[in-house]
Each structure stands twice: as structure tokens, then as C-alpha cells.
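Sequential numbering from 0 applies to the sequence shown in numbering that gives the first Met the number 0.
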Amino acid sequence: MSLVRDGIPASPGIVIAPARVLRWEVPRVPHGGVVAAEQVEREVERFREACAWAKERIRELQARTEQAMGRVEAQIFEPQILMLEDSDLIDGTIAYIRENHLTAERAFEWRVLEWESQWSHTAHPMVLDKLNDLADVQNRVLRRLLGMPDPELRARTGDDKVILVARDLTPSLTVQLDPRQVVGIATDSGTRASHNSILARSLDIPAVVSLGDLSEHVREGDEIILDGRAGRVIVGPSEEDKTAYRERDFQIREWEQELLLLAHLESVTRDGHRVQLRANIDLPGEAASARAHGAEGVGLFRTEFLVVGRGAAPGEEEQFRAYSEVVRVFPRSPVIIRTYDLGGDKFPAFLHMAPEENPFLGWRAIRVCLDEPQMFRGQLRALLRAAALGDLRIMIPLVNEVAEVVETRRHIEECLAELRAEGHDVPEHYSLGAMIETPAAAMSAPELARHVDFFSIGTNDLTQYTLAVDRGNSRLSRLYNPFHPAVVRLMALVADAGRAAGIEVGVCGEFAAHPLGAFLFIGLGVHSLSVGPSALAEIKKVIRSVSREEAAAAARDALAAGTPNEVVEALGRHAEDWIDLTRFMASWNLSATA
Ligand code: PEP
Ligand code: MG
């Protein structure tokens, strides 16, 4: 019997290979661990030397990562360096050595255990990333103290092609991965924004994260299918599964080839309606590949990479460089940049955010920005300066009411006045949009439309908040269904309100990357779809295969449907000439439960 697990798609691509289960462990400290009084200072010295050595190694790794992958990726090691400078960890360990006459390794182990126990009561992704960094630091310092060699990933993975399965990977293990051997990564924890997901995307290794306790159910050598695009892992697949996935992989590659040829063609429906197809990107470096794959601009540039895991907020210049880099790739097309969507699963160290019971219902996104005007205005200033170079549009996440837009506009106007007074080049007009991600925003769309220049529907959060289903909980993945009639009706409200107000309505959530989702949006009359670079091929093909008239009829039927299954069936009926629904349902991890 095969085991099927759905997690979070973290890096696209389909691979089939045997599992290499990686159970990396921090070395055990030998029993005993007490020294004579006269040796105490020597232990303190040993500990200081090990920390200095660890910091040096991390800096080397950081420099190599910067050279191989870029500056953003190299920043991933910053939290570890900060830990090695943290007086609570370092002085706390030294105090244990002096007060209890412990060996350096025993005292450090104690202190680390205390840090861990402060955090480990929660399964919060931010905390898990932090624990992961701490484990990396602990591993390095203890190995130095115990005279053990650094962990060598290559020795553990060998030369054959494997899919690495682990509870989690530390950043220093991930940067050592060789994409010729490790062809896929499946981890129990992690989010799209966590260190390892960012590194996997940079290394072009397909990855699925947040797979529950998958690593406990996989044995060394088990055959695995990993679909990093749909977020699915199948352990011990049947021959039919393998054939279906090979076909799907082949089809996607073929589509991608086709699209590279079609990249210069317009994104229009069969009956001549333009639907702008833009890209979602997480790092500035992804813009060029998005353009090569036919994106007509950027529909969502997530900016959290600039702050997550940082010890200090990034300066205006650094931000200006990152935003300008993307605008320069698309000098004549819209580049929609989202202001920081912090909170939820993304917490920068410098904000010192207190743990929350319900972080996704907590201090998040625009709420954080409006409460932290210094950070927010630094970002707005950099955005406004980069807007002078092209068609940059500012978008704010998780808007719930008009007051948030009004306050954002006030900050923007003040920043513009400041920048002009300082002699900076800034545009005459600016464009401000709201992400529609909550039922409150969708139902207030007519009011919001009077205050913004565009809407962008964030289907990932809109689905989560409408259905009260955690988008990252793999146990609930069957219930997380954007085809639910309630979600579809809310999206239609937004499209109608935007049309009535004469503003652009786009979609930037994952549902736009779903062929039937894209079909529905075309039918609802949205102006633009924004999808991850790996989905551009498929969605461009959908746009060019359908007629808007047919899509509108499909949307009408979908809006009259009473269950998620009926919604899918209604759309499928109108899509028969371009979609093979049975195959599509099987390969698309589609759980349209009634
Ligand atoms: C969304 O919620 O649909 C969205 C695009 O934003 P994110 O996935 O970054 O929350
Ligand atoms: Mg969102």
C-alpha cells in the first residue's frame, strides 16, 4: 500500500527516486562533565574558542553561499551568528561553568536545553526555524569541543540520486546539497518562507515541506514520488502512479518548452479578451526567469525575504536596490510589490514579537506595518523611489477596512513630500492596491474600491479565513478547498465591485495557478492572473484555449452550485473541449469534497 501525504509545495518539479532518510543528530555529551576548581577558567577559554571557531566557520559558509547563490540566500546564516553573540546564551553558559564547575560542553548543553524548552511548547513555524538554527549552532560548537569533525552531508547521501527525507534540515546542511545527487527534499516541518525552502528554490531542487511525521514512516531506500508543484509525496507508489506522474512531468516540461516558444505571444482568450499573466516572485533574482517564461510583469513580489531572520531592519538603500532590480527587468510592465506581510508564519527577530495563541488571527501584515511606522515608512520610501524607474505599484496585505488604506495613503503622501524635499526623483502619481484576503474585505469591496487603485485577490488566505481551515495544516488539506461555494461567491463579489468602480481586479493566490481556477477567474472577468514562474506555462495555455464567453457561462453555473464538487463539475462541463477532467482530477491533488 502506498502512503500519500500532502504538504506545502516549496520548490517545483516532479521527481521519482529512492529515499535517503537523514536523521542528523547533535552529538551526545559524555557522562560526568564536572571539572576541578582550578580548571574552570580553562573550560571558559575552551568554550570561547569553540564559539569563535564556529562563528568563523559560519562566516565562511556564508561567503561561499553568497558566491554560489547570492546575497539574500547568504543572509540565512545571520540568525546563527547573532546566537553566537547573544549574551544570554554565551554568558549564561560561562556562568554555568563557573558556578557549577561544569565542562564547557556540559554547560553549553544545559543552556541550549533551557533555550529549547522556552520555545518548544509551540509548533509555530517561526520558532521551528529558530530551533533549527540553534541545533545548527549547537552541533558546530559541541563538535569543536568534543574534537569531532563537522557533519559532511556528502558522506551520508552517497553518489546515487536520492530524495532526502528528514524531520528538518539545518541551513548549513541545505547549502551543501548537490542537486546532481539530491533530486528532491521532503521534510516534516517548514513553510514556503523558511530557510530551507528558499535555499531549495535557489538550488532548483524540488521540495515539499510541512509533511507531518512523514520521516517516521519512510525507510531507507523506499521509492518516492515527490511533486513539488502540487505539494504531494507518495511513498511506495504503484506502477500506475509512476506512469501518471511521469506523464504529468513530461506534459509540464513540454508545456514549458511550448511556452518558451510562445512567450512573445499575447495572453488572450480565443475570443480576443486580454488577461494579463504576471508572475509571483519571492526574490529579486526570480524576475528574469519569470520574464523568460512569458510573464507580463509581476503580480506579487513578496518582500519578506528582506526581513525574516534578520537582526536589524534592512536600510532604505538595500530595499531600493532590491525593488529597482525587479523594475529594471520589467521596465514597461506593472510590478506589484507587496509591503511586508509579517506575523502569521514570518517573524523577524528585530520586531521582538511576543508569541501569540493564534498568529494567523493576530498581529499580522498591514496591522504590523501601521503599528511600526518607522519600518513601514522605510519600505514606502524605497518603493516610491523605485517607482520613478517604471510602473511600480504598491500593494498592502490583509486589508480589512477602509481606515487601513486611508492611513497607508497618509504615510505615502508624507513620504512623497519628504522625498521631494530631499531632492529624490519620485513619480507624479502612485498606485496603491489592496489584497483581498479576508471575508470582511471581500464583503466590503464596494467601499474599499473607492479608496484603492486596484484589488488583488489573495486566494490562499481568503480560503483559509472563509473556511476556518489552516492553510498549512496537512491534516486538513482535504478541507482546504477554494472550490467551496462560499469562497467562489466572495471572489465574485470582489470582481463585481472592482468592475463597478472601474478599477483593476487581479488574482495572486495559488488558485490562479489551477487550470479550473484560472478558468473561473476569466469567467468572473478579472483583468490579471499572477502565478508562480513554474505555472506560467500551464496558465498561459489555459488562457489561450478558452473563450471568455464560455468561461462566463461556467462562472454563472459555478455560482449557482451548492457544494465544492458541484462547483468543479459546473466548471468542468464548460471545459470539456480543453481539459481531460478525470486525468486532471487525479493529478491535481484536488480534494473537492462535497
Ligand atoms: C494569498 O494569501 O493568497 C497570498 C498570495 O499571499 P501569501 O500566500 O503570501 O499569504
Ligand atoms: Mg496572503
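Just so you know, even glycine gets a beta-carbon here, dropped at the ideal spot from N, CA and C.
Query raised in the report: How would you write the range of the beta strand (DSSP E) that ARG277 sits in, first residue to last?
Result: 275-280 is the extent of the beta strand (DSSP E) around ARG277.
Query raised in the report: Just the Cα atoms here: how many angstroms apart are ASP452 and VAL181?
Result: Between ASP452 and VAL181, the C-alpha separation is close to 45 angstroms.
**Report entry** Cβ neighbour criterion (16 or more within 10 Å) applied to ALA103
**Finding:** buried
**Report entry** Pairwise C-alpha distance: VAL207 and ASP226
**Finding:** 7 angstroms
Query raised in the report: Three-state secondary structure (DSSP) at LEU594?
Result: In the structure as shown, the chain begins at 0 and stops at 593. Residue 594 is therefore absent and cannot be evaluated.
Report task. Give a single yes or no on whether LEU379 has its beta carbon closer than 7 angstroms to a heavy atom of ligand 3. Result -> The model on display carries ligand 1 and ligand 2 but not ligand 3.
Requested in this report: Compute the minimum distance between the beta carbon of PRO607 and the heavy atoms of ligand 2, and state whether it is under 7 angstroms.
Outcome: Coverage of the chain is limited to positions 0 through 593, which leaves residue 607 absent and any answer about it impossible.
Query raised in the report: Under 8 angstroms between the Cβ atoms of ALA9 and VAL161?
Result: no
Query - Spatial distance of GLU565 from CYS414 (CA atoms) - result: 49 angstroms
Query raised in the report: Pick from GLN463, ALA35, ARG228: whose alpha carbon is nearest that of LEU360?
Result: GLN463
Query raised in the report: What's the gap between the Cα of GLY230 and the Cα of THR186?
Result: Roughly 11 angstroms separates the two Cα atoms.
Query raised in the report: What residues in its chain sit with their C-beta under 6 angstroms from that of LEU523, if we drop five residues either side in the sequence?
Result: ALA491, ALA494, ALA554
Query raised in the report: What is the residue span of the alpha helix (DSSP H) that ALA517 lies within?
Result: 514-523
**Report entry** Check: GLY146 C-beta below 7 angstroms from any heavy atom of ligand 2
**Finding:** Because no heavy atom of ligand 2 lies under 7 angstroms away, the Cβ of GLY146 does not count as near it: no.
Requested in this report: Look at TRP254 and GLU537 and say whether their C-beta atoms are less than 8 angstroms apart.
Outcome: yes
Query raised in the report: Distance, Cα to Cα, ARG205 vs ARG247?
Result: For the record, residue 205 in the displayed sequence is Pro; it is not Arg. The straight-line gap separating the alpha-carbon atoms of PRO205 and ARG247 is approximately 15 angstroms.
**Report entry** Buried/exposed call for VAL33, threshold 16 Cβ in 10 Å
**Finding:** exposed
Query raised in the report: Going straight from the alpha carbon of PRO596 to that of TRP109, what length do you get?
Result: Lying outside 0 to 593, the shown extent of the chain, residue 596 is not represented and no answer is given.
Query - Closest by C-alpha distance to VAL545, when choosing among LEU418, ARG273, SER201 - result: ARG273
Query raised in the report: Are GLY516 and PRO481 close, meaning C-beta to C-beta below 8 angstroms?
Result: yes
Report task. Report whether the distance from the Cβ of ASP370 to the nearest heavy atom of ligand 1 is below 7 angstroms. Result -> no
Query - Short Cβ contact (8 angstroms threshold) for ILE595 with LEU397 - result: The shown model of the chain, from 0 to 593, leaves out residue 595, and the question about it has no answer.
Report task. Please find out if some non-hydrogen atom of ligand 1 comes closer than 7 angstroms to the beta-carbon of LEU299. Result -> yes
Query - Beta-carbon proximity of PRO11 to ARG228, cut-off 8 angstroms - result: Cβ atoms of PRO11 and ARG228: closer than 8 angstroms.
Report task. Spell out the partners DSSP gives SER455 in its beta bridges. Result -> MET434, GLY505
Query raised in the report: Which residues does DSSP pair with SER529 in a beta bridge?
Result: ARG277
Query raised in the report: Is the region 298-307 in contact with the region 330-350, if contact means three or more CB pairs nearer than 8 angstroms?
Result: yes
Requested in this report: Select from PHE346, ASP340, ARG41, TYR322 the residue whose C-alpha is nearest the C-alpha of ARG380.
Outcome: The residue with the shortest Cα to Cα distance from ARG380 is TYR322.
Query raised in the report: Between the beta-carbon of ALA386 and the beta-carbon of TYR339, is there less than 8 angstroms?
Result: Their beta carbons are not under 8 angstroms apart, which means ALA386 does not touch TYR339 by this criterion.
Query raised in the report: Can you find a heavy atom of ligand 1 that lies under 7 angstroms from the Cβ of ASN459?
Result: yes
Query - PRO396 Cβ short of 7 angstroms to ligand 2 heavy atom set - result: yes
Requested in this report: Would you kindly report the start and end of the unbroken beta strand (DSSP E) that includes THR186?
Outcome: 181-186
Report task. In the DSSP assignment, find the beta strand (DSSP E) that holds ASP390 and state where it starts and stops. Result -> DSSP places ASP390 in the uninterrupted beta strand (DSSP E) bounded by 390-395.
Report task. Closer than 6 angstroms by C-beta to VAL609: which residues in its own chain qualify, once you throw out the five before and the five after it? Chain order, please. Result -> The shown model of the chain, from 0 to 593, leaves out residue 609, and the question about it has no answer.
**Report entry** CA-to-CA distance, GLU568 to ARG363, given in whole angstroms
**Finding:** The straight-line gap from Cα to Cα measures roughly 36 angstroms.
Query raised in the report: Looking only at its own chain, which residues have a Cβ that is under 8 angstroms from the Cβ of ARG470, when we skip the five neighbours before and after it?
Result: ASN459, ASP460, THR462, GLN463, TYR479
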